[in-house]
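Residue numbers (our numbering), protein chains in the order written: chain A, 21 to 335; chain B, 213 to 755.
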């Protein structure tokens, strides 16, 4: 736990210092092509405490965090907490759908590859998964949006919901609407990440299936399906759980391109825009969230280990 | 795969494919709604709060649906004189003398809550707008308004500190009127106004419905709008930061209109090829130019070792084939301006033609200043052997400028000028520009409809004159043009000729913005100074 807190604090301090060391001034940036006078720039610097030394800025930031007030975004002019809160649900939806696809289809296909090792299906799945892995997500997203959305008109091309749908529409209709908008971005994100899960699962299961206790189970006449899923798969999950722990924060903040291509209102694109425009308060808000997610993912991974392996639980 | 699994997947695909109308698409066909897709979401669409970073197009465009000004600039965008303006909250205006304007408010004007619009609202709004602590930008642009006072409920008197041609423009364009009955008792801080920012209430053709963070803003028609009930009942302004996503939404029919389609040229071709989309061209308010630093970046108190020479700057301008640059990057949707004049400014009419490429004169001018290729490496050197080498700083955030910069490097190399392209992120580029840390800066400026804004960057004391440009003769001509009591393009052209002669910059392009609008809409007008301001007059087929 102490380690988790230290990790969190180090990440936040590093982000605070590095953002301010990076070249580029958030207030200069904010004027864009509409140039501001030096007096106006000075006034804005004072509002965001940017006229103070870095240690005072950090103290102001910590005071704000203690009050659950992360300040106002320079670019958006809204409280950072409001902006982050507005993006949480879409982010969790997209990240959750991608993780779900990844760790259901990915695991299932990995297991199939392992038990059919060397077969035509194994080779075909390997080629397909590596092709998906090698495909840039923004390119795949553009192609899917154009083909499925624009050309065929099967699915919405962008956004998270139909803006013309009234907010008091039946829940089922609204849920279907969001689900339809979710298909293409979730699919894009999954296709490019699923290869890793498949490869990890395949390798891990092959290792386990070689172990003597699997031979014993087979010798006892246990059906092959039970040998694989009950005895083999459970022990082959550990590397995949590690992978899950690593990907959880990435799927929340690392889907920038997919969010851009599909105009999905997630945290990734918000954080990337904030970093590009040196919107310090918003960057720090996103950093707090990302660092928190890393810690949570790490805790979840440890819990999953303990759940699956009695040795970990008892130690 | 289990046979039943395969059959289920196949059946689901077939059902999905055969559905002529997916359930989520039902709402898209409301004939009296319009979905506009833009690149940025408005966060503070409230007059006098759109300052600093909130001084952006997204805020202004939403505010223009919600709030009315006293009067609007007419279709010709003539900002000088009292003619051509359209009545809005004020139904007429008269002059008491050359320093006094009196507005008579339209008695039919109402706030969205039904309260009448009165002189008190105008006085309250301008008190805020002229307070540099609250609205420094507005206070600067309205600095020549000496006082705003109510004569009675319907009449407001504006006094100006001096005689000039844009008094009516200054009194009407910069700020829309706020409801004093809701806001006058609040402290002037932005925090105190947060409730109003979340749910603004104005007097315009549309009223606020909701904002969904990162997705869209919904407005509904103000059916009691005193200038005529809007024919479009609902306006959705959807946000998609990526130009590809915006185009896809338009082409798939999920959105009805898209603003300012950016290059590359293939984007224009995609929209032109779509049968259900009408392309609307609108004069832009931006102008792109190579800004020559006349001060030494290493020591700002010294002249630039190369670019302080007017002949060298003129040579650089003449070496460029600016028409080719525009055609290559903007196609038919742009042209080379004469001076720092965007396509939106009225002074562009009957302006002289910009000088074309003339490499031989450019070479002669450079040689005349001692820049000769002494070692036959293709790059000119001075008498001491120092090469004619300059850094061109360009922001990576601009596709247009990034593309043109590569061609500029090559065109200048042909006359023996070595250009080092310095590509930096937008924040770094802006920081360097403000600090004067550049030789040549690939700048772009967004302009108000008034040419008097040129004072900011193109006069000796201009607050945003970062390149040390100073020509007293040009300053005098500009002051004469601004002070003229009528719209006199001759005076403005004399000023522009002086600017072009001293070549503080190579003025490269001004765009024609390309909008896409679904053909089911009639009476489509897109205003250059605020794209969707006339939307309340649009009509949808079948409405």
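From the three backbone atoms N, C-alpha and C, an ideal C-beta is built for every residue, glycine too.
Please tell me whether residue i and residue j are closer than 8 Å, where the distance is taken between their beta carbons.
i	j	result
residue 183 of chain A	residue 248 of chain B	no
residue 707 of chain B	residue 686 of chain B	yes
residue 254 of chain A	residue 133 of chain A	no
residue 118 of chain A	residue 213 of chain A	yes
residue 291 of chain B	residue 697 of chain B	no
residue 425 of chain B	residue 433 of chain B	no
residue 358 of chain B	residue 282 of chain B	no
residue 282 of chain A	residue 156 of chain A	no
residue 308 of chain A	residue 33 of chain A	no
Would you identify the three-state DSSP class for residue i, choosing helix, strand or coil?
i	result
residue 681 of chain B	coil
residue 479 of chain B	helix
residue 723 of chain B	strand
residue 260 of chain A	helix
residue 464 of chain B	coil
residue 63 of chain A	helix
residue 260 of chain B	coil
residue 824 of chain B	Nothing can be reported for residue 824 of chain B: it is not among the residues displayed for chain B, which extend from 213 to 755.
residue 753 of chain B	coil
residue 281 of chain B	coil
residue 220 of chain A	helix
residue 355 of chain B	coil
residue 325 of chain A	helix
residue 418 of chain B	strand
residue 139 of chain A	coil
residue 235 of chain B	Confidence in residue 235 of chain B is poor, its pLDDT being 46 and thus under 50, which makes the residue's placement too unreliable to answer from.
residue 650 of chain B	coil
residue 240 of chain B	Note that residue 240 of chain B scores a pLDDT of 46, beneath 50, so its modelled location is shaky; the value from the coordinates is reported in the next line. Helix.
residue 298 of chain B	strand
residue 593 of chain B	strand
residue 166 of chain B	Residue 166 of chain B falls outside the range modelled here, since chain B spans only 213 to 755, and no answer is possible.
residue 242 of chain A	coil
Going by C-alpha distance, which of the options is nearest residue i?
i	options	result
residue 392 of chain B	B:422, B:585, B:329 and B:404	B:329
residue 191 of chain B	B:525, B:552 and B:353	Since the first residue shown for chain B is 213 and the last is 755, residue 191 of chain B is missing from the structure and cannot be characterised.
residue 363 of chain B	B:373, B:643, B:334 and B:346	B:334
residue 744 of chain B	B:259, B:373 and B:271	B:271
residue 427 of chain B	B:490, B:250 and B:608	B:250
residue 263 of chain A	A:240, A:216, A:241 and A:298	A:216
residue 299 of chain B	B:317, B:473 and B:591	B:317
residue 317 of chain A	A:303, A:295, A:265 and A:327	A:265
residue 716 of chain B	B:507, B:368, B:571 and B:625	B:507
residue 351 of chain B	A:331, A:57, A:295 and A:181	A:57
residue 161 of chain A	A:147, A:178 and A:148	A:178
residue 267 of chain B	A:95, A:83 and A:78	A:95
residue 556 of chain B	B:534, B:471, B:658 and B:625	B:658
residue 683 of chain B	B:675, B:702, B:713 and B:282	B:713
residue 542 of chain B	B:722, B:285 and B:497	B:722
residue 605 of chain B	B:616, B:595, B:586 and B:651	B:651
residue 546 of chain B	B:475, B:468 and B:671	B:475
Who are residue i's beta bridge partners in DSSP?
i	result
residue 48 of chain A	According to DSSP, which records beta bridges pairwise, residue 48 of chain A is partnered with nothing at all.
residue 316 of chain B	B:304 and B:367
residue 450 of chain B	B:249 and B:428
residue 521 of chain B	Partner(s): none; residue 521 of chain B has no beta bridge.
residue 486 of chain B	Paired residues: none, contrary to the question.
residue 631 of chain B	B:602
residue 658 of chain B	B:498
residue 717 of chain B	B:503
residue 99 of chain A	A:92
residue 626 of chain B	In DSSP, residue 626 of chain B forms no bridge with anything.
Would the beta-carbon of residue i be found less than 7 Å away from any heavy atom of the ligand ZN?
i	result
residue 433 of chain B	No copy of the ligand ZN appears in this structure; indeed no ligand is present at all.
Take the Cβ of residue i as the centre, count every other Cβ of all protein chains shown within 10 Å, and call the residue buried at 16 or more, exposed below.
i	result
residue 120 of chain A	exposed
residue 622 of chain B	exposed
residue 319 of chain A	exposed
residue 397 of chain B	exposed
residue 235 of chain B	For residue 235 of chain B, the predicted model reports a pLDDT of 46, less than 50, meaning its position is unreliable; a value from the coordinates is still stated below. Looking at its Cβ environment, which holds fewer than 16 other Cβ atoms inside 10 Å, residue 235 of chain B is exposed.
residue 150 of chain A	exposed
residue 639 of chain B	buried
residue 331 of chain A	exposed
Could you run through the stretch 37 to 48 of chain A and flag, in chain order, every residue whose CB is less than 9 Å away from some CB of chain C? Absent from the structure is chain C; the protein chains it does hold are A and B.
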